[in-house]
Amino acid sequence: MALFTGKGDGGTTKLFDTPSGARVSKSSPSFECLGMLDELNCLVGWVKVSSPDTFNVLGRPCRDIFHEVQDHLFTIQAEVAGAQKSVPQSSVEALSALINAIEKELPEIKTFLVPGGTELSARLDITRAVSRRVERRLVALNESGERAISESSRAYANRLSSLFYALVRLENHRHGIVEKPPHYQGN
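Under numbering that gives the first Met the number 0, the residues of the sequence shown are numbered 0 to 186, in order.
Okay, here's the thing in structure tokens:
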């Protein structure tokens, strides 16, 4: 397989479900969404390789959880590109259960928190913020009518940012980092 074909040099490419020979502009909302999903998947990989072996949830290494998330992101990318694929509802439920388990270990929060604490929690915060942007893009793409995104894939994207937020807090909590609310400045 060649690293490039040159066919996209004019700013167009193909999706799974484009008619034979038809090309789509790389500026389309679908490609914007695909690019953001790719960016998020790369960030999840960065978090995965920087997670220590001791970072576990419910006896599962977080590296394994992150790898599973990456597989689901590829599924959503395939769905955005027109494949007949979607994240199963059971994966949304599993993510919800994981988040609930993490939350039981954490002190209650009553305000926004300033990002940062450990190197890993800062990386997780970046990943969380990009995850929220991806979710907004998936919703916009679905609402535009250009591409129908399944309810389960959209729900998974919504839970994903919550997972990263829970893991930020868990990482900081396990390292004794005191979470601090913002001090609003100005008028």
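Just so you know, even glycine gets a beta-carbon here, dropped at the ideal spot from N, CA and C.
- If you draw a straight line from the Cα of HIS172 to the Cα of ALA147, it comes to about 39 Å.
- In the three-state scheme derived from DSSP, where H, G and I count as helix and E and B as strand, ARG168 is classed as helix.
- A contact is defined here as three or more CB-CB pairs under 8 Å, and the region 62 to 75 fails this definition with respect to the region 104 to 123.
- Between the region 70 to 90 and the region 148 to 161 there are three or more C-beta pairs closer than 8 Å, enough to call the two in contact.
- In chain order, ILE101 place their CB closer than 6 Å to the CB of LEU169, counting only its own chain and leaving out the 5 sequence neighbours on each side.
- For ARG146, the three-state secondary structure derived from DSSP is coil.
- With respect to the C-alpha of GLU78, the residue from SER130, SER29, ALA93 and PHE163 having the closest C-alpha is SER29.
- Check the Cα spacing between VAL129 and each of PHE163, ALA96, GLY144 and GLU142: the tightest is with PHE163.
- Taking 8 Å as the upper bound for CB-CB distance, LEU42 and ILE125 are in contact here, some 6 Å apart.
- For the pair SER49 and ILE98, the CB atoms are not nearer than the 8 Å cut-off.
- In the structure shown, PRO87 falls within a coil segment according to DSSP collapsed to helix, strand and coil.
- Excluding its 5 nearest sequence neighbours in each direction, GLU134 has C-beta neighbours in its own chain below 7 Å: ALA156, ASN157 and SER160, listed in chain order.
- CA-CA distance, SER143 to GLY115, rounds to 36 Å.
- Beta-bridge pairing by DSSP links ARG59 to VAL56.
- The beta carbon of LYS84 is closer than 8 Å to those of THR74, ALA77 and GLU78 in its chain, skipping five residues each way along the sequence.
- Nearest to LEU166 by alpha-carbon distance, out of LEU137, GLN88 and LEU57, is LEU57.
- Between ARG136 and GLU31, the beta carbon gap of about 6 Å places them in contact (Cβ cut-off 8 Å).
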